[in-house]
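Structure record follows, encoded as C-alpha coordinates.
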(Lines of atoms letter the chains of each structure in order from A and count residues from 1; the text may use other names and numbers.)
(Lines give C-alpha, C1' and ligand atoms only; values in the text may rest on other atoms or scores of the structure.)
Protein backbone atom coordinates (compact mmCIF):
# COMPACT_ATOMS: atom_id res chain seq x y z
CA UNK A 1 0.00 0.00 0.00
CA UNK A 2 2.83 2.40 0.81
CA UNK A 3 4.33 1.80 -2.63
CA UNK A 4 1.05 2.84 -4.28
CA UNK A 5 0.88 5.96 -2.13
CA UNK A 6 4.51 6.85 -2.90
CA UNK A 7 3.91 6.23 -6.61
CA UNK A 8 0.85 8.47 -6.56
CA UNK A 9 2.76 11.25 -4.78
CA UNK A 10 5.57 11.07 -7.36
CA UNK A 11 3.03 11.19 -10.20
CA UNK A 12 1.31 14.18 -8.61
CA UNK A 13 4.61 16.03 -8.23
CA UNK A 14 5.51 15.37 -11.86
CA UNK A 15 2.11 16.61 -13.02
CA UNK A 16 2.42 19.78 -10.93
CA UNK A 17 5.81 20.51 -12.50
CA UNK A 18 4.58 19.77 -16.03
CA UNK A 19 1.52 21.99 -15.52
CA UNK A 20 3.65 24.82 -14.12
CA UNK A 21 6.09 24.61 -17.02
CA UNK A 22 3.29 24.55 -19.61
CA UNK A 23 1.51 27.45 -17.93
CA UNK A 24 4.64 29.59 -17.67
CA UNK A 25 5.71 28.80 -21.23
CA UNK A 26 2.25 29.72 -22.52
CA UNK A 27 2.64 33.15 -20.91
CA UNK A 28 6.25 33.67 -21.90
CA UNK A 29 5.83 32.58 -25.52
CA UNK A 30 2.20 33.60 -25.96
CA UNK A 31 3.12 35.92 -28.80
CA UNK A 32 4.22 33.00 -31.00
CA UNK A 33 1.36 30.67 -30.06
CA UNK A 34 -2.10 30.67 -31.61
CA UNK A 35 -4.48 32.96 -29.72
CA UNK A 36 -6.55 30.25 -28.02
CA UNK A 37 -3.72 28.35 -26.26
CA UNK A 38 -1.87 31.58 -25.53
CA UNK A 39 -4.93 33.02 -23.80
CA UNK A 40 -6.22 30.02 -21.90
CA UNK A 41 -3.45 27.47 -21.22
CA UNK A 42 -1.97 29.30 -18.24
CA UNK A 43 -5.20 29.54 -16.27
CA UNK A 44 -6.21 26.00 -17.16
CA UNK A 45 -2.85 24.64 -16.01
CA UNK A 46 -3.08 26.74 -12.82
CA UNK A 47 -6.22 24.87 -11.74
CA UNK A 48 -4.79 21.56 -12.97
CA UNK A 49 -1.69 22.06 -10.80
CA UNK A 50 -3.80 23.25 -7.85
CA UNK A 51 -5.85 20.03 -7.94
CA UNK A 52 -2.71 17.89 -7.74
CA UNK A 53 -1.13 20.13 -5.10
CA UNK A 54 -4.23 19.68 -2.94
CA UNK A 55 -4.16 15.95 -3.72
CA UNK A 56 -0.69 15.67 -2.20
CA UNK A 57 -2.20 16.61 1.16
CA UNK A 58 -5.61 15.02 0.70
CA UNK A 59 -4.70 11.60 -0.69
CA UNK A 60 -7.55 9.83 1.07
CA UNK A 61 -10.23 12.33 0.08
CA UNK A 62 -12.54 11.65 -2.85
CA UNK A 63 -12.08 12.95 -6.37
CA UNK A 64 -15.24 14.97 -5.87
CA UNK A 65 -13.99 16.64 -2.69
CA UNK A 66 -10.67 17.61 -4.29
CA UNK A 67 -12.43 18.81 -7.44
CA UNK A 68 -14.83 21.07 -5.56
CA UNK A 69 -12.09 22.37 -3.27
CA UNK A 70 -10.00 23.23 -6.34
CA UNK A 71 -12.97 25.06 -7.88
CA UNK A 72 -13.68 26.93 -4.63
CA UNK A 73 -10.07 28.09 -4.22
CA UNK A 74 -9.91 29.11 -7.89
CA UNK A 75 -13.17 31.03 -7.55
CA UNK A 76 -11.95 32.85 -4.44
CA UNK A 77 -8.64 33.61 -6.14
CA UNK A 78 -10.32 35.04 -9.25
CA UNK A 79 -12.81 37.17 -7.32
CA UNK A 80 -10.01 38.41 -5.05
CA UNK A 81 -8.63 40.12 -8.16
CA UNK A 82 -11.50 42.59 -7.91
CA UNK A 83 -9.95 43.95 -4.71
CA UNK A 84 -7.00 46.29 -4.88
CA UNK A 85 -5.03 47.58 -1.94
CA UNK A 86 -1.48 48.95 -2.05
CA UNK A 87 0.04 45.94 -0.28
CA UNK A 88 -1.93 43.44 -2.38
CA UNK A 89 -1.03 45.19 -5.62
CA UNK A 90 2.61 45.25 -4.53
CA UNK A 91 2.44 41.49 -3.92
CA UNK A 92 0.80 40.97 -7.31
CA UNK A 93 3.58 42.97 -8.99
CA UNK A 94 6.08 40.21 -8.13
CA UNK A 95 6.43 37.24 -10.47
CA UNK A 96 5.30 34.68 -7.90
CA UNK A 97 2.48 36.97 -6.73
CA UNK A 98 1.20 37.37 -10.27
CA UNK A 99 1.40 33.63 -10.91
CA UNK A 100 -0.42 32.69 -7.71
CA UNK A 101 -2.85 35.59 -7.26
CA UNK A 102 -3.28 36.92 -10.79
CA UNK A 103 -3.83 40.58 -11.62
CA UNK A 104 -7.19 41.28 -13.17
CA UNK A 105 -10.60 39.64 -12.95
CA UNK A 106 -11.66 37.96 -16.21
CA UNK A 107 -14.81 35.86 -16.51
CA UNK A 108 -13.23 33.43 -18.95
CA UNK A 109 -10.67 32.50 -16.30
CA UNK A 110 -13.47 30.80 -14.38
CA UNK A 111 -14.11 28.52 -17.36
CA UNK A 112 -10.39 27.78 -17.62
CA UNK A 113 -10.28 26.85 -13.94
CA UNK A 114 -13.25 24.54 -14.39
CA UNK A 115 -11.64 22.93 -17.45
CA UNK A 116 -8.34 22.50 -15.60
CA UNK A 117 -10.03 20.92 -12.60
CA UNK A 118 -12.06 18.54 -14.78
CA UNK A 119 -8.96 17.58 -16.77
CA UNK A 120 -7.08 16.93 -13.52
CA UNK A 121 -9.80 14.61 -12.18
CA UNK A 122 -9.86 12.69 -15.46
CA UNK A 123 -6.06 12.33 -15.48
CA UNK A 124 -6.08 11.33 -11.80
CA UNK A 125 -8.77 8.70 -12.26
CA UNK A 126 -7.82 7.27 -15.65
CA UNK A 127 -4.04 7.39 -15.57
CA UNK A 128 -3.06 7.35 -11.91
CA UNK A 129 -5.68 5.74 -9.69
CA UNK A 130 -6.79 3.09 -12.15
CA UNK A 131 -3.20 2.09 -12.87
CA UNK A 132 -2.40 1.95 -9.12
CA UNK A 133 -5.22 -0.49 -8.54
CA UNK A 134 -4.36 -2.62 -11.58
CA UNK A 135 -0.72 -3.00 -10.56
CA UNK A 136 -1.76 -4.99 -7.49
CA UNK A 137 -3.96 -7.30 -9.55
CA UNK A 138 -1.31 -8.45 -12.02
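In this note's numbering, the protein residues as written are 990 to 1127.
Note that CB positions come from ideal geometry on N, CA and C, so glycine has one too.
First and last residue of the alpha helix (DSSP H) that includes residue 1094?
-> For the purposes of this step, residue 1094 is taken as the residue at position 105 of the chain shown. Run containing residue 1094: none; DSSP gives neither H nor E here.
Let me know the secondary structure DSSP gives residue 1037 once reduced to three states.
-> Within the chain shown, numbered from 1, the residue matching residue 1037 stands at position 48. Three-state DSSP puts residue 1037 in a helix.
Leaving out five residues before and five after residue 1066 in sequence, what residues of the same chain have Cβ atoms less than 7 Å from its Cβ?
-> Here residue 1066 refers to the residue found at position 77 when the chain shown is read from its first residue. Correct list, in chain order: 1090, 1091.
Rounded straight-line distance, which links the Cα of residue 1061 to that of residue 1053 | Reading the chain shown from its first residue, position 64 is the one you call residue 1053. Reading the chain shown from its first residue, position 72 is the one you call residue 1061. Cα to Cα, residue 1053 sits roughly 12 Å from residue 1061.
For residue 1040 and residue 1106, believed in contact at Cβ under 8 Å, the rounded distance = In the chain shown, the residue the question calls residue 1106 occupies position 117. In the chain shown, the residue the question calls residue 1040 occupies position 51. Correct: roughly 6 Å between the Cβ atoms.
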